[in-house]
Each structure stands twice: as structure tokens, then as C-alpha cells.
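Each residue of the sequence shown is one higher than the one before, starting from 0 at the first, in numbering that gives the first Met the number 0. Note that beta-carbon positions come from the ideal geometry of N, C-alpha and C, so glycine has one too. As the structure is a prediction and not an experimental result, all values here were calculated from the model. One structure is given below, encoded as C-alpha cells.
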Amino acid sequence: MCTLKFGSPFAVLSGLVFGLVALTGGLGCRSLGATSGPVGPSPEFPLPPPGEVLKDMRDRAASRQNMRAMGRVTYFGRQGRVRLRAVLLSERPGAFRVELLSPAEEPVGIMTCDGEGLWLLKDRRLMTGPATAENIARLLPMPMLPHEIVDLLLGGLPSSDRFEPVSLLWADVSHQMWRLTLSGPSGDEVHLTIDPTRHVVRSARFARVDRPSMTVAFDDFKPIDGLPGEFPTQIVVQVQGDEDVRIKLESLEVNVTFDSSLFLLTPPSGISPEPM
0 MCTLKFGSPF AVLSGLVFGL VALTGGLGCR SLGATSGPVG PSPEFPLPPP
50 GEVLKDMRDR AASRQNMRAM GRVTYFGRQG RVRLRAVLLS ERPGAFRVEL
100 LSPAEEPVGI MTCDGEGLWL LKDRRLMTGP ATAENIARLL PMPMLPHEIV
150 DLLLGGLPSS DRFEPVSLLW ADVSHQMWRL TLSGPSGDEV HLTIDPTRHV
200 VRSARFARVD RPSMTVAFDD FKPIDGLPGE FPTQIVVQVQ GDEDVRIKLE
250 SLEVNVTFDS SLFLLTPPSG ISPEPM
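Structure representation (C-alpha cells):
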């Protein structure tokens with residue numbers, strides 16, 4: 000088990016309604032774009048092949064198989080601002096558990112996913128169904144699939160091999176950040192801003208064919224005992240339109256031992272599952 004070099008250890012998660020995990024929070028977000036557009040390599044500022052960069056980043060990301068953390072979440076949307084406490088668990092390739100708590104520490108909702116099936120306990124109703132982006136959005140205001148949520152919580156690099164490297168440019172004329180573009184078979188694109196010195200993803204822009212576009216920024220990086228690189232403890236998500244989510248991770252642990260039952264949800268007494 001690897002723990003960030005700050006904060007107290009994570010308390011053991013127990014009970015069905017311990018809390019309610021959240022990938023939901025967004026303060027007003029600063030602009031994530033560069034002041035100028037991407038520029039190509041030059042003799043003074045050469046660039047490695049994009050495939051090598053992607054392989055190196057994926058090798059580093061593979062050292063992080065799962066995480067759990069407490070979190071502070073703020074969500075800004077059409078209905079105003081909502082602040083929640085959260086418990087977050089994720090495990091590659093696509094398992095996660097989200098538990099959300101109100102500011103008064105009252106349970107708000109629990110969502111679990113084993114990568115294919117989804118369970119949502121909310122308002123004393125248990126709903127089950129396939130783990131689609133539409134169903135996940137019943138609790139989390141982000142149009143994401145299970146493996147995308149796991150990638151988000153583990154540093155931001157897309158792990159799916161359906162994405163292939165297309166190009167690598169300097170993010171702007173300062174020549175400090177790389178802009179790596181990936182393409183998927185359906186026409187989706189991901190534009191990653193990478194810090195080549197620290198080997199971390201600083202931002203990701205998802206341009207999707209069948210879902211709203213989304214931009215994610217990563218900040219407040221911390222070293223991890225026993226693992227290479229640094230881990231982002233602040234995640235800011237901007238969904239196309241007027242929804243912003245900010246997640247602040249606390250008491251974060253990486254590569255811990257999980258009971259697989261945490262990614263399922265047993266119906267509480269007196270509650271029968273309903274289809275989504």
C-alpha cells in the first residue's frame with residue numbers, strides 16, 4: 000500500500016451507508032487553455048515521437064492500480080452550488096465506488112460499479128442497470144464511462160488501448176508543456192497537456208462524437224511513497240455548458256487491498272432493486 004506524504008491514514012470503509020462518494024464539485028474554474036496555440040518542434044526545441052511519450056506515461060500510470068480517499072466536492076450548475084463530503088474508491092480497469100455526504104454528514108447517495116453493472120442507492124431507492132454514461136450521470140454530473148472515471152481519479156491518462164497517438168506538439172510558445180493528441184476509432188479525440196519534466200498530466204480536453212465535450216485540469220500534485228511520479232489531489236472538471244465540478248482529495252492512499260464486494264451494492268432490508 001502506498002500513501003501520499005500528507006494527511007492521516009484513511010479509515011476503513013464499512014457499512015452500506017458510510018458516506019456518499021462524489022465526483023461532483025465545481026468552483027468557478029480558471030481558464031484551462033494556453034495563451035497561444037500549440038507549436039511544432041524545432042532544432043532548438045525538439046520533440047520525441049508521440050508513441051514513445053504515450054508508452055512512457057502509460058507505464059507510469061500502470062503503477063497505480065487503485066486508490067481510495069476522502070474528498071471535498073463542490074458542484075456549480077443550473078441549480079446553483081452544492082458542497083458535499085465524499086468517499087472515493089476506484090480500481091482499474093473500471094470499478095469504482097462513490098459515497099456522498101451532506102455538509103451535516105447525512106448520506107446523500109451511493110453509487111457502485113464493477114465495470115459493467117451499476118448500482119445507485121438514493122432516496123431509499125436502489126436502482127440497477129448497465130454502467131452507461133447516462134446512468135452514471137444520475138449521481139455524477141459528468142458524461143463519463145466507468146474506465147474514464149477510474150482514469151480521472153488515477154491521474155488523468157486514458158488507459159484504453161482504443162486511443163492511439165496522433166501528434167505531439169509544444170503546448171505553446173513557452174516550450175514548457177507538451178500537447179499530446181490521441182484519437183479513438185469512433186472519431187473521439189483527447190488532447191493532453193503534459194509536463195515533460197514531472198511526467199504528469201496537467202489537463203485533458205475530451206472531444207467526443209456522442210457525448211458533451213469536457214475539460215479536466217489537475218493540480219496540487221503530491222509525491223507518493225514507493226511509486227514514481229506525483230499524484231494530483233485537486234481535479235477540476237468543466238462540462239460543455241454550465242456545469243463545473245471540483246474534487247479535492249484528502250487522506251489519499253494508492254494500491255491498497257480492496258474487497259471486491261465494495262463495488263457491488265446489496266439491497267438494504269425492505270428495499271427491492273428497480274431497473275434504471
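Closest Cα partner of residue i within the set the options
i           : options               : result
residue 218 : 97, 248, 91 and 241   : 248
residue 42  : 128, 174 and 61       : 174
residue 47  : 257, 122, 233 and 167 : 167
residue 262 : 38, 149, 71 and 142   : 149
residue 200 : 233, 183, 208 and 185 : 233
residue 64  : 164, 146, 70 and 238  : 146
residue 70  : 87, 205 and 120       : 87
residue 267 : 90, 75 and 118        : 118
residue 272 : 181, 122 and 106      : 122
residue 238 : 254, 230 and 205      : 205
residue 236 : 215, 253, 254 and 223 : 215
residue 83  : 231, 106, 253 and 169 : 106
Residue i versus residue j - alpha carbon distance
i           : j           : result
residue 126 : residue 115 : 14 Å
residue 196 : residue 100 : 38 Å
residue 221 : residue 154 : 11 Å
residue 58  : residue 78  : 41 Å
residue 73  : residue 245 : 5 Å
residue 227 : residue 178 : 22 Å
residue 97  : residue 211 : 22 Å
residue 93  : residue 171 : 33 Å
residue 264 : residue 134 : 15 Å
residue 183 : residue 49  : 15 Å
residue 225 : residue 269 : 45 Å
residue 37  : residue 152 : 27 Å
residue 207 : residue 163 : 15 Å
residue 120 : residue 165 : 41 Å
residue 137 : residue 60  : 29 Å
residue 213 : residue 103 : 31 Å
residue 111 : residue 81  : 21 Å
residue 113 : residue 95  : 7 Å
residue 194 : residue 176 : 5 Å
residue 243 : residue 203 : 15 Å
residue 66  : residue 89  : 6 Å
residue 55  : residue 198 : 9 Å
residue 223 : residue 229 : 6 Å
residue 181 : residue 35  : 20 Å
residue 231 : residue 253 : 12 Å
residue 68  : residue 169 : 33 Å
residue 91  : residue 144 : 13 Å
residue 240 : residue 209 : 15 Å
Residue i, buried or exposed, once every other Cβ within 10 Å from all chains shown has been counted against 16
i           : result
residue 52  : buried
residue 44  : exposed
residue 13  : Confidence in residue 13 is poor, its pLDDT being 27 and thus under 50, which makes the residue's placement unreliable; the coordinate value appears in the next sentence. Exposed, since its Cβ has fewer than 16 Cβ neighbours within 10 Å.
residue 124 : exposed
residue 29  : Since pLDDT at residue 29 reaches only 40, below the 50 mark, its modelled position is unreliable, and the value read off the structure follows with that caveat. Residue 29 comes out exposed.
residue 131 : exposed
residue 85  : buried
residue 40  : exposed
residue 25  : Note that residue 25 scores 34 on pLDDT, short of 50, meaning its location in the model is unreliable; the coordinates nonetheless yield the value given after this. Result: buried.
Whole-Å CB distance - residue i paired with residue j, under 8 Å assumed
i           : j           : result
residue 275 : residue 108 : Between residue 108 and residue 275 the Cβ distance is about 14 Å, and since that is not below 8 Å, they are no contact.
residue 140 : residue 76  : 6 Å
Using 8 Å as the Cβ pair cut-off and three pairs as the minimum, do the stretch 236 to 253 and the stretch 175 to 193 touch? no
Within the chosen definition, does the stretch 156 to 164 reach the stretch 252 to 272 through at least 3 CB pairs nearer than 8 Å? no
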